[in-house]
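Following my numbering, the numbering of the sequence shown begins with 1 at its first residue and continues without gaps. Here is the structure we will look at, set down as structure tokens.
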Amino acid sequence: MPRRTPRNVLSDRLRTPRTLSGFLKTASICVLIAGCLSPLGQAAAATSAPTATNDYCSGQCSDILPPGENGNATLAQILLNQAFGTQPAHAEDQLGPYANLATGHPGLTDAKINNFFNDASFGVPAGQVASTEKPAGRTDVTIVRDKKTGVPHITGTTRYGTEFGAGYAAGQDRLWLMDVFRHVGRGQLTGFAGGAPANQGLEQEFYRQAPYTEADLQAQIDGAVARNGERGQQALADVTAYLDGINAYIDASDSGRYFPGEYVLTGHKDSITNAGTIDHFKVTDLVALASVVGTLFGSGGGGEVNNALSLIAAQSKYGVEEGTRVWESFRERNDPEAVLTLHDGQRFPYATRPDSPQGRALPDAGSVTQEPLVYDRTGSAGTASAKNSSTAVAKDTLSSARRGMSNALVVSGKHTASGHPVAVFGPQTGYFAPQLLMLQEIQGPGISARGASFAGLSMYVELGRGQDYSWSATTSGQDIIDTYAVELCQDDHHYLYRGTCTAMEQVERKNAWKPTVADGTAAGSYAMRVWRTKYGPVQYRATVGGKKVAYTTLRSSYLHEADSIIGFQLLNDPGYVKGPEDFQKAAQHINFTFNWFYADSAHTAYYNSGDNPVRATGVDAEFPVWAQPAYEWRNWDPAANTADYTPASAHPNSIDQDYYISWNNKQAEAYTAAPWGEGSVHRGDLLDDRVSKLVAQGGVTRTKLVQAMADAALADLRAEDVLPKLLKVVNSAPVTDPTAAAAATKLQTWLGAGAKRTETSAGSKKYADADAIRILDAWWPLLVKAEFEPGLGSDLYGAFTANLPVDEAPSAGHGPTGSHAGSSFQYGWWSYVDKDIRAVLGEPVQGGLSRKYCGDGSLSACRDALLGTLKQAAGLTAAQVYPGDDLCSAGDQWCADSIQQRTLGGIKHGNISWQNRPTYQQVVEYTSHR
């Protein structure tokens, strides 16, 4: 069966409205002359596949990854999709089942789980084989694809053949996407895919954080191999075979003229003559891809300069002592009311507040400026939209409020109906077309796994299942990034390094683009320049005590994104992982900041990964410190960027706790994460409340755990956990204003109905309790400002909102994840509101704010503030609350919340109803063990 490919780039939609009709004429020629619709010479016979004998899940492992496995489309398929909405085979056949769980979960049974998920058993049943292929004519590997989803099941008789097949299948399913992201990782996207502002922003985001040269990329893989003995050599051999498979597919699709149509639309190939080339992949491309993944999802920390600015603002308003108390109360480093993944009282102190901070390098007030990245703009690079994109990206990149996403629900067999553990877990990696992840099964010498891998890194399954165990991850966010103040000398590009005036290293990337059919952005160009020091890239300039400094960021995974390959290799090896302890040892080889979860037929386990640097005594990880030997990481080697790291025993870890939940919440007592907002109300509470109740009842099943996840996925965190207290204040006296009274009644009714953001019926595209939802969406930012700004003052309030956004409702475009992204309620002021309102009500609060803010502590004044803003919110129309965008008309509430599969290629999909759940998700319950 031919594999197809997607279209444009990382612009949010195909930019061809004026030229599409003309191009459709070309498409008809393409179909008739160039054979774009059906590849030539790629025979795929449907034959029976052998039954798997190494599967211990007894049909009780399931998974899902929307929109579909097929992320490739020929030019003709792209044009047909754009014109008529037709979909290539398996491009969106997982989107409907995924979306339908939102309204279908109340009637779920174990027998119906695979109405909403795929059967994730090993192998392909007889009669379900869609195609069987020997890639490039090899005899040592077979790729079988199933009829239902088109997932590749790769079986090799040699290790080389197995990995060759994995690379070939990756090319079949994600070639264009892989090409896009190898350019993103090098900061070269615009020249490859077009100069749309979104593309400019994306390449700037990653180049600012990982400004690598080609030599840096090569050194990463060389180092990872050298440090890991036989495992390292095996990784290199696997990568080599994988690359050979990708490149074999490139050659086959090029000569057969069934390569992704985006190469034509972006000007890299000619649809008539087939002129042009698709560059082969090389090992440094995979390191560039790994740097994108690690930066996006596995690099907790940063934000020290923003922290310093808000501390200075607090101390300016209240004085040093009281200002520090105020700041610490909002920071909530170790809030006693925070939901925890490890809830049995375990303590894992990390990045805690030192008793006597040493080496702080706080900037002088008003002296901080962000280091420019973009220079020499020409053409469309100089437009306002391009500059605004650069500004927004720089702000998000340097914040500690990084994309967290992902959740996990794992229950010990002691509390399940079968006596075997049950898990529902997966990563929230956003929604894209094609998806960043791809599904596969790999069976070969030393490899036996099925699951999801990031496109271009699928030599191993990264999240999924083995023969008798499954594993998954959530982003953890512990701080592995520090900010150093390097004192300048001689000029702005020299600094003191251990007493010697040392030149900064300038790295530069020049990009230029011109209009294409895919992206009509006018021609333009710019240069990205980064100044690198031993302490990492320069991000800010300032003065400290009158001395000119540059603030740099040093990340423990900087120059080490390739190191994690060994951990993934081990997780795929059935000879290595035989139980929870082995799983934890494998995860210890992963230097990205993740929470890892495990389940087999008898045990569950958890491990927090990442290279946590051992900081010098007295260094506070929250703030910039002087770039001096006394404050460097313990035994730090600047040439290799290695240091002493905390031992595995110091990382939060556990085996067979009664249950585990994670939604990027706090891992354990005393384990401080970099992002703000780990307080009394966190979206992790939505899971913990439901799972703890199930565990208390006993008899947990896959159905019940899926229902708990799906119910939480529709919950409005503000409504479920904060609104009852707000209404308690509002109703502490009769509400006489009719507008406010009606609004309060609607909110109370919604609470009574469960406070969900759910459709009236499947496909209605209208919310039940729509007015109440509109009111809360409008009220929340108004009430937060009215509650806190009078007491904090506008300067400090603004500084704190830079540390932690006020809101992240599904329709909010201002949060770290943007609009139509699904993931919601990770970052917001819900904990502050909760603690403050309870304090005003006179209720007990552990770890409360340093003072009462709402109404300055007066219940009646607080009530007046809430009523005033409630009335204001109730008066806002749906069009004002949901102003509309490129996808939705103003006032369309359902659409404003809806999830969009953001186009990274040429195939578009319809938006689906909002759910706050993992993109790739597993449901597992093993019945036996090897």
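A virtual CB, placed ideally from N, CA and C, is assigned to each residue, including glycine.
Below 8 Å on the Cβ atoms is my contact criterion, and I expect residue 182 with residue 285 to pass it. Report the Cβ-Cβ distance as a whole number of Å. Here residue 182 refers to the residue found at position 182 of the sequence shown. Here residue 285 refers to the residue found at position 285 of the sequence shown. Yes, residue 182 and residue 285 are in contact; Cβ-Cβ is about 4 Å, under 8 Å.
With which residues is residue 671 paired in a DSSP beta bridge? Looking up residue 671 in the sequence shown gives position 671. Looking at the DSSP assignment, residue 671 forms a beta bridge with 350.
Smallest Cα separation from residue 781: which of 866, 65, 844 and 383? Position 781 of the sequence shown, counted from the first residue, corresponds to residue 781. Residue 866 is the option with its Cα nearest to residue 781.
In chain order, what residues of the same chain have a beta carbon less than 7 Å from the beta carbon of residue 683, not counting five sequence neighbours either side? In the sequence shown, residue 683 corresponds to position 683, counting from 1. Only 663, 717, 825 and 826 meet the Cβ criterion.
By DSSP, does residue 249 sit in helix, in strand, or in coil? Residue 249 sits at position 249 when you count from the first residue of the sequence shown. In the structure shown, residue 249 sits in a helix (DSSP, three-state: H, G or I).
Sequence-distant residues of the same chain with beta carbon closer than 7 Å to residue 267, five excluded per side: As a position in the sequence shown, residue 267 is number 267, starting the count at 1. Excluding sequence neighbours, residue 267 sits near 516.
Report yes if the C-beta distance between residue 552 and residue 486 is below 7 Å; otherwise report no. Reading the sequence shown from its first residue, position 552 is the one you call residue 552. Reading the sequence shown from its first residue, position 486 is the one you call residue 486. Taking 7 Å as the Cβ cut-off, residue 552 and residue 486 qualify as a contacting pair.
Please tell me whether residue 542 and residue 368 are closer than 7 Å, where the distance is taken between their beta carbons. The residue labelled residue 542 in the question sits at position 542 within the sequence shown. The residue labelled residue 368 in the question sits at position 368 within the sequence shown. Yes, the Cβ-Cβ distance between residue 542 and residue 368 is below 7 Å.
Is residue 84 buried or exposed, if buried means 16 or more other CB atoms sit within 10 Å of its CB? Here the question's residue 84 lines up with position 84 in the sequence shown. The residue is exposed, with fewer than 16 neighbouring Cβ atoms inside 10 Å.
Assuming residue 787 and residue 854 are in contact, meaning their beta carbons sit under 8 Å apart, how far apart are those beta carbons, in whole angstroms? Mapped onto the sequence shown, residue 787 falls at position 787. Mapped onto the sequence shown, residue 854 falls at position 854. Residue 787 to residue 854, Cβ: 5 Å. Contact.
Cutoff 6 Å; reference residue 919; Cβ partners in own chain excluding five residues on either side: Here the question's residue 919 lines up with position 919 in the sequence shown. Contacts found: 428 and 429.
May I ask which residues mark the beginning and end of the beta strand (DSSP E) holding residue 493? Here residue 493 refers to the residue found at position 493 when the sequence shown is read from its first residue. 491 to 497 is the span of the beta strand (DSSP E), which, as asked, contains residue 493.
Pop quiz: residue 565 and residue 288 are said to be a contact at Cβ under 8 Å. What is the actual Cβ separation, rounded to whole angstroms? Walking along the sequence shown from the start, residue 565 turns up at place 565. Walking along the sequence shown from the start, residue 288 turns up at place 288. Residue 565 to residue 288, Cβ: 14 Å. No contact.
May I have the straight-line CA-CA distance separating residue 873 from residue 742, to the nearest angstrom? For the purposes of this step, residue 873 is identified with residue 873 of the sequence shown, where counting begins at 1. For the purposes of this step, residue 742 is identified with residue 742 of the sequence shown, where counting begins at 1. Answer to the nearest angstrom: the Cα atoms are 12 Å apart.
Confirm, please, whether the CB-CB distance from residue 408 to residue 453 is below 7 Å. Within the sequence shown, residue 453 is the residue found at index 453, counting from 1. Within the sequence shown, residue 408 is the residue found at index 408, counting from 1. No, these two residues do not count as a Cβ contact at 7 Å.
Neighbour-count burial assignment, residue 255, 16 or more Cβ in a 10 Å radius: By one-based count along the sequence shown, residue 255 stands at place 255. Exposed is the call here.
Considering Cα atoms alone, identify which of 67, 898, 168 and 829 is closest to residue 882. What you label residue 882 is simply residue 882 of the sequence shown in a count that begins at 1. Closest option to residue 882, Cα to Cα, is 898.
Is residue 202 near residue 217, with beta carbons less than 7 Å apart? Indexing the sequence shown from 1 puts residue 202 at position 202. Indexing the sequence shown from 1 puts residue 217 at position 217. Against a cut-off of 7 Å, the Cβ pair of residue 217 and residue 202 comes out as no contact.
List the DSSP bridge partners of residue 61. Reading the sequence shown from its first residue, position 61 is the one you call residue 61. Bridge partners of residue 61: 924.
Does the region 335 to 343 come close enough to the region 494 to 510 to have 3 or more Cβ pairs within less than 8 Å? no
Identity of the residue in 387, 78 and 424 nearest residue 199 by Cα: Your numbering for residue 199 matches position 199 in the sequence shown. Comparing Cα positions, the closest option is 387.
Among the residues of its own chain, which have a CB less than 7 Å from the CB of residue 909, if the five just before and after it don't count? To locate residue 909, count along the sequence shown from 1; it is residue 909. Same-chain partners within the cutoff: 67, 92, 95, 433 and 901.
Same chain, Cβ closer than 6 Å to residue 765, five either side skipped, listed in chain order: Reading the sequence shown from its first residue, position 765 is the one you call residue 765. Only 894 meet the Cβ criterion.
Return the Cβ separation of residue 135 and residue 168 in integer angstroms, given the expectation that the two are a contact with Cβ distance under 8 Å. Translated into the one-based positions of the sequence shown, residue 135 becomes position 135. Translated into the one-based positions of the sequence shown, residue 168 becomes position 168. With 8 Å as the limit, residue 135 and residue 168 qualify as a contact, their Cβ atoms being about 4 Å apart.
Checking the sheet assignment: what are the DSSP bridge partners for residue 656? Counting from one through the sequence shown, the residue named residue 656 turns up at place 656. According to DSSP, residue 656 bridges with nothing at all.
Apart from the five residues just before and just after residue 661, which ones in its own chain have a Cβ nearer than 7 Å to its Cβ? In the sequence shown, counting from the first residue as 1, residue 661 sits at position 661. Correct list, in chain order: 341, 408, 409, 684, 687, 688 and 691.
Please list the segments of the beta strand (DSSP E) lying wholly inside the region 456 to 541, counting only runs of 3 or more residues, in order along the chain. 463 to 465, 469 to 475, 481 to 489, 491 to 497, 500 to 503, 505 to 513 and 524 to 533
Which of helix, strand or coil does DSSP assign to residue 874? On the sequence shown, residue 874 is found 874 positions in, with the first residue counted as 1. Helix at residue 874.
What is the C-beta distance between residue 116 and residue 104, in whole angstroms, given that I count them as a contact (C-beta under 8 Å)? To locate residue 116, count along the sequence shown from 1; it is residue 116. To locate residue 104, count along the sequence shown from 1; it is residue 104. Their Cβ separation, rounded to whole angstroms, is 6 Å, which keeps residue 116 and residue 104 in contact under 8 Å.
Would you kindly work out how many angstroms separate the C-alpha atoms of residue 15 and residue 280, rounded to a whole number? For the purposes of this step, residue 15 is identified with residue 15 of the sequence shown, where counting begins at 1. For the purposes of this step, residue 280 is identified with residue 280 of the sequence shown, where counting begins at 1. Any reading at residue 15 needs caution, since the residue's pLDDT is 28, under 50, leaving its predicted position unreliable; the model's value is listed next. Going from the Cα of residue 15 to the Cα of residue 280 covers about 27 Å.
Counting pairs of Cβ atoms below 8 Å between the region 436 to 448 and the region 456 to 465, do you hit three or more? yes
Residue 382 to residue 395, Cα distance in whole Å? Locating residue 382 in the sequence shown gives position 382, counting from the first residue. Locating residue 395 in the sequence shown gives position 395, counting from the first residue. So the alpha carbons of these two residues sit roughly 19 Å apart.
Could you pull out every residue in the same chain whose Cβ sits closer than 6 Å to the Cβ of residue 666, ignoring the five residues on either side in sequence? Within the sequence shown, the letter at position 666 stands for residue 666. 338, 340 and 678.
Proximal residues to residue 784 (C-beta, below 7 Å), its chain only, five neighbours per side dropped: Taking the first residue of the sequence shown as position 1, residue 784 is located at position 784. Hits under 7 Å: 806, 829 and 833.
Can the beta-carbon of residue 922 be found closer than 7 Å to that of residue 316? As a position in the sequence shown, residue 922 is number 922, starting the count at 1. As a position in the sequence shown, residue 316 is number 316, starting the count at 1. Taking 7 Å as the Cβ cut-off, residue 922 and residue 316 do not qualify as a contacting pair.
By the three-class DSSP mapping on this structure, what secondary structure does residue 604 have? As a working mapping, residue 604 is identified with position 604 in the sequence shown. Three-state DSSP puts residue 604 in a strand.
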